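Participant:
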Amino acid sequence: MTLGPQLKGKTAVVTGGASGIGAAIVSLFAQHGAKVAIADLDFDNAKLVAERCVAEGGVAKAWSLNVTDAQATSLLMSEVAEEFGSIDILVTAAGILDQQDFLEMSEETFDRTIAIDLKGVFLAGRYAAPYMVKQGSGRIINIASQTAIKGAVSLSHYVAAKSGVIGMTKSMALELAQYGILVNAIAPGPIETPLFDGITQEWRNAKKKELPLGRFGRAEEVAPTALLLASSPGGDIYTGQTLGPNSGDVMP
Ligand SMILES: NC(=O)c1ccc[n+]([C@@H]2O[C@H](COP(=O)([O-])OP(=O)(O)OC[C@H]3O[C@@H](n4cnc5c(N)ncnc54)[C@H](O)[C@@H]3O)[C@@H](O)[C@H]2O)c1
0 MTLGPQLKGK
10 TAVVTGGASG
20 IGAAIVSLFA
30 QHGAKVAIAD
40 LDFDNAKLVA
50 ERCVAEGGVA
60 KAWSLNVTDA
70 QATSLLMSEV
80 AEEFGSIDIL
90 VTAAGILDQQ
100 DFLEMSEETF
110 DRTIAIDLKG
120 VFLAGRYAAP
130 YMVKQGSGRI
140 INIASQTAIK
150 GAVSLSHYVA
160 AKSGVIGMTK
170 SMALELAQYG
180 ILVNAIAPGP
190 IETPLFDGIT
200 QEWRNAKKKE
210 LPLGRFGRAE
220 EVAPTALLLA
230 SSPGGDIYTG
240 QTLGPNSGDV
250 MP
């Protein structure tokens, strides 16, 4: 069987699409024929990613969005639906990570991570899903983290948010199946992206030794999992699942 462009005629919104995993998903989706809306706080990088897609013959446009802003998220979805005609796929990749020991963590640090990494995922799904309900189909792919499954030192706020994402994904899958909307999560292991910039070399070396594959992943190696979940027939019977491109670090 020869597979053609798998997302031809589909519109995808990718939050956090200006960098790392989100940007790799944007590129792969555009290569597969989707019209892609890149929604990110970093509008300059979002524009660069969009320009690169367009230069390669794809359709992509950048939007400036803070995923913690409900009104702005609602407006973004209506603008994308107006400009591209539908919202078929949502990928929630926007996120932050900063290490902080539990005994030193401030309420402000905890709240900020929950606002971006959990509430931001809720808001994007909350305002994208009605367009999918109207058309009787859709795919929502939430980017979680394997840390939600195994825990992580100095990341209790991040792990709380990502565990919330996995749990919410299951509830969304249960509620939205009746409308033909499939909702899944991806829980990557360590992936070399700018999110990792602040992590020490010492930690990296120790972590690599723990991994059965002996190396971190690249964003381009996570994007095909999103393509699988977004496409048909590949993704047709996945819902409420958490897939783990993680170098073998977690085997649930
Ligand atoms: N890199 C890893 O090892 C790894 C592992 C597991 C999960 N993840 C998750 O994958 C997702 C993408 O991470 P990445 O590694 O590509 O990081 P990244 O830093 O390269 O990209 C994150 C993007 O999110 C955007 N963003 C941050 N706050 C935002 C906000 N309030 N509103 C809108 N956009 C915002 C940033 O501008 C950036 O473009 C995150 O949710 C992260 O938690 C990453």
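Mapping to numbering that gives the first Met the number 0: the sequence shown position 118 is 117, numbers consecutive. Quick reminder that beta carbons are idealized off the backbone N, C-alpha and C, glycines included. Please read all numbers here as calculations on a predicted model, not as lab measurements.
Would you give the residue range spanned by the beta strand (DSSP E) that Ser-63 belongs to?
Facilitator: Looking at the DSSP string, the run of the beta strand (DSSP E) that includes Ser-63 is 58-63.
Participant: Taking Cys-52 as the reference, give the member of Asn-65, Phe-42, Ala-93, Ile-37 with the closest Cα.
Facilitator: For Cys-52, the nearest C-alpha among the options comes from Ile-37.
Participant: From Tyr-237 to Leu-181, what distance separates their C-alpha atoms?
Facilitator: Taking the straight line from one Cα to the other gives about 7 Å.
Participant: Taking 6 Å as the limit between beta carbons, can you name the residues of its chain near Glu-107, skipping five residues before and five after?
Facilitator: If we look at Glu-107 and ignore the five residues flanking it on each side, it has no Cβ neighbours.
Participant: Tell me the residue span of the beta strand (DSSP E) that contains Val-66.
Facilitator: First-last for Val-66: undefined, no H or E at that position.
Participant: Once the 5 residues before and after Ser-136 are set aside, which same chain residues still bring their CB inside 6 Å of it?
Facilitator: Closer than 6 Å at Cβ, skipping near neighbours: Gly-179.
Participant: Tell me where the beta strand (DSSP E) around Thr-192 begins and ends.
Facilitator: Segment: none, Thr-192 is in no beta strand (DSSP E) and carries neither H nor E.
Participant: Could you check the C-alpha separation between Leu-27 and Leu-226 for me, to the nearest Å?
Facilitator: For Leu-27 and Leu-226, the distance between alpha carbons rounds to 8 Å.
Participant: Under 8 Å between the Cβ atoms of Gly-172 and Gly-243?
Facilitator: The question names Gly, yet the displayed sequence has Ala at residue 172. Not closer than 8 Å, so no.
Participant: Assuming the contact rule is C-beta atoms closer than 8 Å, Ala-80 and Val-58 should be a hit. Round their C-beta distance to whole Å, please.
Facilitator: Actually they are not in contact, since the Cβ atoms of Ala-80 and Val-58 sit about 15 Å apart, beyond 8 Å.
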